[in-house]
Amino acid sequence: MKKLVLMMGGQGSGKGTLSKKLLAENPNFTYIETGAMLRALPENSPLRAIIERGEMVPDDEVCKLLESKIIAAGDVLLDGFPRKVSQAQWLVEKFGDKFDTIAVYLNLPESLMLKRIQNRIAEGGGRADDANAVAVRRRLDTFKQETMPAINWLRSVKNVRFLEIPIADAPIDVNYKTLKSALVANKVVNYR
Numbered sequence: 000m001k002k003l004v005l006m007m008g009g010q011g012s013g014k015g016t017l018s019k020k021l022l023a024e025n026p027n028f029t030y031i032e033t034g035a036m037l038r039a040l041p042e043n044s045p046l047r048a049i050i051e052r053g054e055m056v057p058d059d060e061v062c063k064l065l066e067s068k069i070i071a072a073g074d075v076l077l078d079g080f081p082r083k084v085s086q087a088q089w090l091v092e093k094f095g096d097k098f099d100t101i102a103v104y105l106n107l108p109e110s111l112m113l114k115r116i117q118n119r120i121a122e123g124g125g126r127a128d129d130a131n132a133v134a135v136r137r138r139l140d141t142f143k144q145e146t147m148p149a150i151n152w153l154r155s156v157k158n159v160r161f162l163e164i165p166i167a168d169a170p171i172d173v174n175y176k177t178l179k180s181a182l183v184a185n186k187v188v189n190y191r
């Protein structure tokens, strides 16, 4: 059965960075980063304006963009989705019988999320909305109010394997080693 890995966590948790390291060693996965997909929309897109304000794109729009990509793929590594209980329910209802679904929650405290966002800005990277303090606060609040309930819902779903990975204030390789060990132990990925 195909695998659907949901890489979940707050801003600055390392979802993108850890996903890319995982993909380098497991190129058979199709990588779908919902945030990048939405930020790549044309400048005049109403959906892009929603994102730049730090708000969430309506479920039907995100699900419509994702559905065909997931159907066309083999194993999928989904970064940044689901972000709400309704999206998690849609995903399980739509693909639960087609994929071995593994929810990976990268758990770190909000203080570390803020530190990592500030580091991205200081290093000249990050996203445009990282520099907007109001948008950052809105994203962190949305994570607590919308995404944590989705994570907790997935934790309780019978046919979803749930892995909680503690993210330390350490170099990325240390956190990747923790993630990789959990994925190997749970037979999500195989390393030679």
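Going by numbering that gives the first Met the number 0, the first residue of the sequence shown is number 0, and it counts up by one from there. All C-beta atoms in this analysis are idealised placements derived from N, C-alpha and C, irrespective of residue type, glycine included.
I believe residue i touches residue j by the beta-carbon criterion, under 8 Å. Please report the beta-carbon distance rounded to the nearest angstrom.
i	j	result
residue 18	residue 76	6 Å
residue 116	residue 34	Contact doesn't hold; Cβ gap of about 14 Å is too wide.
residue 82	residue 145	6 Å
Taking just the CA atoms, how far does residue j sit from residue i?
i	j	result
residue 171	residue 42	32 Å
residue 27	residue 62	23 Å
residue 136	residue 147	16 Å
residue 200	residue 4	The structure shown does not extend to residue 200, since the chain is modelled only from 0 to 191, so the question has no answer here.
residue 160	residue 39	31 Å
residue 71	residue 91	17 Å
residue 184	residue 20	18 Å
residue 174	residue 130	25 Å
residue 79	residue 32	6 Å
residue 108	residue 134	18 Å
residue 189	residue 0	15 Å
Run the CB neighbour count on residue i, radius 10 Å, all protein chains shown included, and call it buried at 16 or more, exposed below.
i	result
residue 191	Because residue 191 carries a pLDDT of 48, less than 50, the predicted location of this residue cannot be relied on, and the following value inherits that uncertainty. Under this definition residue 191 is an exposed residue.
residue 6	buried
residue 154	exposed
Going by the CB atoms, is the gap between residue j and residue i shorter than 7 Å?
i	j	result
residue 217	residue 168	Given a span of 0 to 191 for the chain in the structure shown, any question on residue 217 remains unanswerable.
residue 128	residue 9	no
residue 149	residue 87	yes
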